Structures are given as structure tokens and as C-alpha cells.
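Worksheet: one structure, shown below.
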Amino acid sequence: MPGLTKYPPFPDNVPTHPLLVVDYELLKAGDEAEVEKFWTAATSLGFWYMKNHGADELVNGMFEMGEETMNLPFEEKMKFEQGDDGMSFGYKAPGANATDETGARDFVEFINTSQDDALAFPKPVHRTYPSTVNARMEHTIRPFIQLSAEVNTTLMEILGKRLGFKEGTIAQLHRLDETSGSETRCIKSLPRPEGISEEKAALGAHTDFGSITFLHNRLGGLQVMPPGSDRWQYIKPMAGHAVCNLGDAMYIFSGGILKSNLHRVVPAPGAQAVLPRWSLAMFTRPGDSVVLRALTEESPVVAEAVANAPDKSIFNSGQTSKEWFARRVKNQRTKNQKGPTTWRQSRGTEHRRDAA
Ligand SMILES: O=C(O)CCC(=O)C(=O)O
Ligand SMILES: [Fe+2]
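Read in order, the letters of the sequence shown correspond to residues 5 to 360 in my numbering.
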């Protein structure tokens, strides 16, 4: 499937949310109108399409790695399962995560590779991986992570500049030489199992845990709930366009000026529903030691936003990036569910009034 070039069309009779399209080449060249459009996207929904990012070939290789990995025998994959202690690197079996407070299980599987492990390969920093990952680590995964990290940091620095931060402020929080939760994830979601409703989430409603996500998908299924709406709307996949979105760390650093919106994944709609759905994300997250708090001393604009915020508690989380991330991952695991309290402990900023 990842190798296919033709897919059944995305249906035109489902609710779809349009996104602004930003051109990465124009952004890098400092084109003012493009930067303005990007700022609008980042401060409204926090999602945008991005073209001219240069990652397409590596993305295809990553999907091949994902397919090779998912085709391994289940017992082999389980040797590399991420476990229940709050680490998200490695394989995640279908059903290993809860999707809501009732403990309903997800039905996607993923293979996550840590940025640190890919950069230091063959020396493990966090863990080891299946043979299919190791085989492509140097030719596919490491270059994909390096390119994605550069794209993500470039995008965040542009936003940091608009917020009034000194150059390098955001990049410093995401250094490649500090260990972090940054990782790439290839997700496989089988066609909707018999008896499961179309509305049932394959991946539950969430805001992203880290700073920024560079996402590539072929089939529909990703949905957002735009601010002020109570309806889920699809994001239509567009060939050659990544879907990018901001996570909670950028929301917190910016005092809520930059948005991390609620989203989820449901089975692909319409004629696409019969195919397995693949997606690939690169999650850039702050360095492990970075405290998640609004950068009020670095920017008067951020200071003012926090001063005017009705609920300031989220802007001083009291947690490092490592603690925040481990808490969310651990409390989402099916094995750790002890009712709604565990689920609540897995949450980031989903409860925010403007998140949904
Ligand atoms: O598969 C997708 O389209 C999105 C996945 C996602 O939201 C995530 O892994 O955080
Ligand atoms: Fe997400």
C-alpha cells in the first residue's frame, strides 16, 4: 500500500476543514506574505498544509520501512514493544493505548524511532529496534529525521521571531545534542473492524505532546475539531503536501498565542475505507530538561498574553518536557487504566476552552 501511487478518491460528501497552504521555500527565503499566511495558520488552528518541503523521497522510504516492520511476525514486533512505563520509542501494538476515559482501545499499530537513537546509531541511546528499522537507519531514517528536524526548527524559529524572541531562542530549546522525546512514527491502521462504528476513533482525540509535527499521509481519517465548533471535520490529504501542526509545548511557550488544536484519527472515509491506512509523523519535542512554561521574560507579547489569560496555570506546568511526555504516554497505556483519573492524568491541554 505505501508503494501505491493511485488511491481511491477522498469522498466529497464528508465534512472537510480547509487549511492554508504554506510554501516552505518561500518561507525560507523570507517572503513576507508567506510568513504572514503561516502566522495566521499558526495562531488560528495551528494546522497548515506545507509544500516544497523536499522530503517526499525519504517519506516513501519511511513508508517502506513501516511496511517491512509491520510485516514481521507479531512475536518479533513484541520484542520491541514500548512497554508501560512512559517510553514511547519502539513498537506499539494495536489496543495498547486507550482512546478515551472509558478505556476504549485504539486499533492502530506504530513503529516509533527516537531521534537520539537514529543520530547515534549503531550506539543505542534509549533502546534497540527491529532488524527492519536497523537496516534502514542510516539510509532512510536518520536522513529523514535530520531533514524533518531542520524543517521543524526553521518553522518554529520563524514563529519565535514573530513572537519577539531573540534569534535561536526556540532552536536552543530543541537542540539535537540534548536527549529528547523527539521521534518519528509510522502508523498502520487496518480497515475498520466489523462491528466498530465509523465514528470510533482509531487514535483518540488529543493535542500533540511536543512542539511541532511534520505529518505525511495518503488516505483520509485525520480529523480536527476547529475552535468554536463541536463537529469533527476531515483534513483531506493532498499529494505533495505535508500536514503540519503545533503541539502543546509551543502553545505553552507562547502563552497561548500559538495554537495546538484537538485532533483524532478515524478509519479512512468512503471508498478509501477498504485499504489499510498509513501515516508518518516526525514529532519534534523540547529537550528533556526544558521546563514547559511561557517564555514571558523573552517576549513582552508573550508576557501580555499570559497576563490576560483567564487560566494561567497551564503556562507554568512545573514539569520538564521529559516529565510531561512520560506522564502522557504512561497514563494512556491500556494496562495502566484505572478509570477516568488515569485518563485525565494522560491529558495535556485538551481541556482548554479554545482547544475544542
Ligand atoms: O495519522 C494521522 O494522520 C495523525 C496521527 C496523529 O495525530 C499522531 O500520531 O499524533
Ligand atoms: Fe497527533
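Note that the Cβ used here is the ideal one computed from N, Cα and C, for glycine as well. Source: prediction; values computed, not measured.
| Query | Result |
| --- | --- |
| Nearest by alpha-carbon distance to residue 288: which of 235, 157, 353 is it? | 157 |
| Closest by CA to residue 217, which one among 204, 247, 235? | 247 |
| Are the CB atoms of residue 112 and residue 121 nearer to each other than 9 Å? | no |
| Rounded C-beta distance between residue 281 and residue 225? I'm assuming under 8 Å. | 5 Å |
| Quick check: the stretch 83-96 against the stretch 295-305, are at least 3 beta-carbon pairs closer than 8 Å? | no |
| Could you please go through the chain and list the residues whose beta-carbon is closer than 6 Å to any non-hydrogen atom of ligand 1? | 189, 191, 207, 212, 219, 221, 226, 267, 269, 283, 285 |
| Can you give the Cα-Cα distance for residue 360 and residue 154, rounded to whole angstroms? | Its pLDDT being 35, under 50, residue 360 is placed unreliably in this model, and the value from its coordinates should be taken loosely. Looking at the two C-alpha atoms, the distance is approximately 30 Å. |
| With a floor of 3 residues, list each beta strand (DSSP E) that falls wholly inside the stretch 5-85, ordered by position along the chain. | 25-27, 51-55 |
| DSSP state of residue 261, grouped into three classes? | coil |
| Out of curiosity, what's the CA-to-CA distance linking residue 54 and residue 353? | 25 Å |
| Going along the chain, which residues of its own chain have a beta-carbon closer than 7 Å to the beta-carbon of residue 276, five neighbours each way excluded? | 11, 12, 14, 223, 224 |
| At the level of alpha carbons, what is the spacing between residue 108 and residue 191? | 19 Å |
| Is there at least one non-hydrogen atom of ligand 2 closer than 8 Å to the beta-carbon of residue 353? | no |
| Quick one: is residue 260 buried, meaning 16 or more other Cβ sit within 10 Å of its Cβ, or exposed? | buried |
| Does ligand 2 have even one heavy atom less than 8 Å from the beta-carbon of residue 103? | no |
| Using 9 Å as the threshold, is the C-beta distance between residue 43 and residue 151 below it? | no |
| Between the stretch 296-316 and the stretch 167-187, do at least 3 Cβ pairs fall closer than 8 Å? | yes |
| Verify the contact flag: residue 217, CB atom, against every heavy atom of ligand 2, threshold strictly below 8 Å. | yes |
| When you compare only the Cα positions, how much space is there between residue 233 and residue 213? | 22 Å |
| Excluding the five sequence neighbours on either side, which residues of its own chain have a C-beta within less than 8 Å of the C-beta of residue 180, listed in chain order? | 119, 123, 153 |
| Which residue marks the beginning of the beta strand (DSSP E) containing residue 297, and which one marks its end? | 295-297 |
| Taking one C-beta from the stretch 336-344 and one from the stretch 96-105 each time, how about it: are there three or more such pairs within less than 8 Å? | yes |
| Hey, would you say the C-beta of residue 21 is under 8 Å away from at least one heavy atom of ligand 2? | no |
| Could you tell me how far apart the beta carbons of residue 254 and residue 266 are, in whole angstroms, since I believe they sit closer than 8 Å? | The pair is not a contact, with the Cβ atoms about 15 Å apart (cut-off 8 Å). |
| Do the stretch 343-351 and the stretch 313-320 touch if we need at least three Cβ pairs shorter than 8 Å? | no |
| Below 7 Å CB to CB, which residues in the same chain sit around residue 175 once its five sequence neighbours on both sides are set aside? | 157, 161 |
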